[in-house]
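All residue numbers for the sequence shown refer to this note's numbering, where the first residue is 279 and numbers rise by one. Just so you know, even glycine gets a beta-carbon here, dropped at the ideal spot from N, CA and C.
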Amino acid sequence: MPVLAHLSDIHLGQDHDGDGGARAEARARQVMAHLDALPGPIDAVLVTGDIADHGRPEEYAAAAKVLASDRHRVLLCPGNHDVREAYRAGLLGEEPSAAPVNRLHELPGLTVVMCDSSVPGRPEGRLDEETLGWLDRTLSRARRDVPAVVAFHHPPVELHAPFVDAIRLQDEARVAAVLRCHPQLRAVLCGHAHTAAVSRFANLPLAVAPGVVSTVGLPWEGGADILFDQPPMVAFHVLDEGGRLTTHHRVVV
Ligand SMILES: [Fe+2]
Ligand SMILES: [Fe+2]
């Protein structure tokens with residue numbers, strides 16, 4: 279029964295009241311320390327993008343340290359604040375390249391497919407031709423009898439949070455058409471919205487991770503677009519034998 283810890287949007291390097299990024303780094307460290315101290319096992323930690331705030335090499339150098347875990351596999355994808363060249367060099371130890379960062383991870387009993395929904399220089403998201411083709415081929419080759427989840431940064435549906443709905447995933451019908459061809463898929467996991475949210479997409483459950491660095495305000499909450507006084511949170515996704523996704527949320531204090 280695979281269990282994934284899912285965190286998102288650590289935005290390392292985000293300056294808050296002139297702190298030079300100290301708050302963002304402290305929050306990310308707090309969440310990773312919480313996961314490293316869990317008494318029981320989990321299968322992987324999933325980080326769905328906006329790892330750096332400005333995409334600078336020094337932010338990825340910090341991320342490589344903050345996200346290093348002695349206990350857990352840590353699986354990543356970029357977000358709109360990330361820069362592919364620096365991300366590749368700093369986090370993956372690869373040659374800098376502007377190609378989308380798409381990765382397949384085969385865990386015991388679970389296939390995790392992570393796609394790059396960033397559009398260089400833009401806040402909204404899109405799975406480009408290369409990524410859509412890769413996603414379709416990768417899921418076609420993956421074992422049909424092993425459940426799979428797909429993860430990318432930008433939510434593909436409106437979450438009724440105007441601040442993030444304006445910069446959600448574009449051309450989502452093309453993504454849905456690909457996902458519908460692969461019956462081993464059990465869920466879509468996203469970040470970007472800085473709010474723990476649950477919806478549906480392509481007839482699959484869609485789970486949006488809470489933000490680590492901040493929380494997006496909702497219209498009926500009547501406050502600011504971005505809330506900095508909410509604590510960091512993490513989601514735990516459990517996929518049971520029947521392929522049903524259960525998600526728990528934990529405040530990390
Ligand atoms: Fe973000
Ligand atoms: Fe984002």
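Ordered along the chain, residues surrounding ligand 1 are D287 and D328 [Cβ under 5 Å from any heavy atom]. Taking all protein chains in view, the Cβ of N380 is crowded by 16 or more other Cβ atoms within 10 Å, so the residue is classified as buried. Proximity of the region 406-414 to the region 283-303 falls short of the contact definition, fewer than three beta-carbon pairs being nearer than 8 Å. In the structure shown, P319 adopts coil according to DSSP, grouped into three states. Judged by DSSP secondary structure, E303 falls within the alpha helix (DSSP H) whose first and last residues are A300 to D314. Across the structure, V344 and V453 are spaced so that their CA atoms are roughly 32 Å apart. Residues of the same chain with a CB within less than 6 Å of the CB of T389, apart from the 5 flanking positions on each side, are A420, V424 and A426 in chain order. Going by beta carbons, D414 and V466 fall outside the 8 Å limit. Proximity of the beta carbon of H526 to ligand 2 is not indicated: no heavy atom of the ligand is located closer than 7 Å. Distance from the CA atom of D297 to the CA atom of H332, rounded to whole angstroms, is 15 Å.
Every unbroken stretch of the beta strand (DSSP E) spanning 3 or more residues and falling wholly within the region 361-388 is given here in chain order: 381-385.
In the pairwise beta carbon analysis, the region 502-510 is classified as not touching the region 344-359: fewer than three pairs are separated by under 8 Å.
Distances from the CB of G333 to the heavy atoms of ligand 2 are all 7 Å or more. Judged by DSSP secondary structure, F514 falls outside any alpha helix (DSSP H) and instead within the beta strand (DSSP E) spanning M511 to L517. Using a cutoff of 7 Å, the CB of H431 counts as near ligand 2, since one of the ligand's heavy atoms is closer than that.
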